[in-house]
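**Q**
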Amino acid sequence: MNNVLLDNAIDQFARLPGIGRKTALRLVLHMLRQEEADVTAFADALTILKREVKYCKKCHNISESELCPICADKSRDGSVICVVENIQDVLAIERTMQYKGLYHVLGGIISPMDGIGPSNLEIESLIERIRNGVSGKDGEQQIKEVIFALASTMEGDTTNFYISRKLREFPDVKLSVIARGINVGDELQYTDEVTLGRSILNRTPL
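The sequence shown begins at 0 in numbering that gives the first Met the number 0 and counts up by one.
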């Protein structure tokens with residue numbers, strides 16, 4: 000039996016990453032069993048999220064205002080910037096409670112096979128941010144260290160190398176990479192908090 004409304008709902012859920020049609024059907028049937036007010040609240044939360052959430056103008060983390068809570072926190076060490084691939088990595092490092100500096104979210108890593116080059120990432124904004132920090136422009140705290148916390152993959156290492164070459168114009172800025180307690184090929188967001196925390200603390204010069 001063809002049910003257009005059911006099929007449309009399944010199609011929308013199946014568009015989510017990691018969700019196949021069987022799981023999508025299970026989610027749709029679950030939603031049908033809920034009270035209408037609960038379903039409305041669920042839909043409203045997603046709509047408000049999409050409409051209200053912005054990206055931090057400084058680090059590109061998700062935010063409800065121009066600056067994310069981390070960049071706006073005066074107690075954070077603004078002299079250290081941790082470069083990560085995505086927002087999930089920020090959340091993973093924050094869960095370790097071992098890092099007190101700031102972040103810069105690239106929005107991906109260099110991957111020619113996927114058509115992702117340096118111009119597709121937030122690399123130039125990182126360079127400008129460090130330049131402002133080194134010169135004291137715009138009231139930025141002096142940048143003393145940049146930590147590379149990208150995945151231990153060929154693409155991650157390529158991105159590290161590319162950015163490190165761009166940062167040669169700032170010889171007083173220390174460049175470091177998180178310790179290789181993380182297995183080669185592992186995604187940062189799936190690494191346990193203890194291993195990730197130790198990798199941040201035991202970072203090595205790049």
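From the three backbone atoms N, C-alpha and C, an ideal C-beta is built for every residue, glycine too.
Just so we're clear, the structure is a prediction, and the values are computed from it rather than from any experiment.
By how many angstroms is the C-alpha of residue 173 removed from the C-alpha of residue 167?
**A** The residue labelled residue 167 in the question sits at position 168 within the sequence shown. The residue labelled residue 173 in the question sits at position 174 within the sequence shown. So the alpha carbons of these two residues sit roughly 10 Å apart.
**Q** Mind checking whether residue 70 and residue 104 have CB atoms under 8 Å apart?
**A** Here residue 70 corresponds to residue number 71 of the sequence shown, with the count starting at 1. Here residue 104 corresponds to residue number 105 of the sequence shown, with the count starting at 1. Cβ atoms of residue 70 and residue 104: not closer than 8 Å.
**Q** Short check: CB of residue 108 to CB of residue 158, under 8 Å?
**A** Residue numbering aside, residue 108 sits at position 109 when the sequence shown is read from its first letter. Residue numbering aside, residue 158 sits at position 159 when the sequence shown is read from its first letter. Going by C-beta atoms, residue 108 is nearer than 8 Å to residue 158.
**Q** Roughly how many angstroms lie between the CA atoms of residue 133 and residue 37, to the nearest whole one?
**A** Along the sequence shown, one-based indexing puts residue 133 at 134. Along the sequence shown, one-based indexing puts residue 37 at 38. Distance between the alpha carbons of residue 133 and residue 37: 51 Å.
**Q** What do you get for residue 113, buried or exposed, if any count of 16 or more other CB atoms within 10 angstroms of its CB means buried?
**A** Sequence index remark: in the sequence shown, residue 113 carries index 114 (1-based). Label assigned to residue 113: exposed.
**Q** How is residue 29 classed by DSSP in three states: helix, strand or coil?
**A** Reading the sequence shown from its first residue, position 30 is the one you call residue 29. Residue 29 falls in the helix class under three-state DSSP.
**Q** Sort out for me which residues DSSP pairs residue 173 with in a bridge.
**A** In the sequence shown, the residue the question calls residue 173 occupies position 174. Residue 173 pairs with 144.
**Q** Take the Cβ of residue 128 as the centre, count every other Cβ of all protein chains shown within 10 Å, and call the residue buried at 16 or more, exposed below.
**A** For the purposes of this step, residue 128 is identified with residue 129 of the sequence shown, where counting begins at 1. Buried, because 16 or more other Cβ atoms sit within 10 Å of the Cβ of residue 128.
**Q** DSSP state of residue 0, grouped into three classes?
**A** Here the question's residue 0 lines up with position 1 in the sequence shown. Any reading at residue 0 must be qualified, since the residue scores a pLDDT of 48, below 50, and its modelled position is unreliable; the value itself is stated next. Three-state DSSP puts residue 0 in coil, outside helix and strand.
**Q** Just to confirm, is the Cβ distance from residue 99 to residue 75 under 8 Å?
**A** Taking the sequence shown and counting its residues from 1, the one referred to as residue 99 is at position 100. Taking the sequence shown and counting its residues from 1, the one referred to as residue 75 is at position 76. In contact: residue 99 and residue 75 (Cβ atoms closer than 8 Å).
**Q** If you draw a straight line from the alpha carbon of residue 65 to that of residue 47, how long is it in whole angstroms?
**A** For the purposes of this step, residue 65 is identified with residue 66 of the sequence shown, where counting begins at 1. For the purposes of this step, residue 47 is identified with residue 48 of the sequence shown, where counting begins at 1. So the alpha carbons of these two residues sit roughly 17 Å apart.
**Q** Work out the CA separation of residue 160 and residue 171 for me, nearest whole Å.
**A** In the sequence shown, the residue the question calls residue 171 occupies position 172. In the sequence shown, the residue the question calls residue 160 occupies position 161. Taking the straight line joining both Cα atoms gives about 18 Å.
**Q** Tell me whether residue 115 sits in a helix, a strand or coil according to DSSP, three-state version.
**A** Your numbering for residue 115 matches position 116 in the sequence shown. In the structure shown, residue 115 sits in a strand (DSSP, three-state: E or B).
**Q** What did DSSP end up calling residue 19 once you bin it into helix, strand or coil?
**A** Here the question's residue 19 lines up with position 20 in the sequence shown. Of the three classes helix, strand and coil, the one that applies to residue 19 here is coil, per DSSP.
**Q** Contact check, residue 165 vs residue 122 under 8 Å by CB: the rounded distance?
**A** As a working note, residue 165 is residue 166 in the sequence shown. As a working note, residue 122 is residue 123 in the sequence shown. About 7 Å separates the two Cβ atoms, so the contact holds.
**Q** Using the beta-carbon count (16 or more within 10 Å), is residue 151 buried or exposed?
**A** What you label residue 151 is simply residue 152 of the sequence shown in a count that begins at 1. Result: buried.
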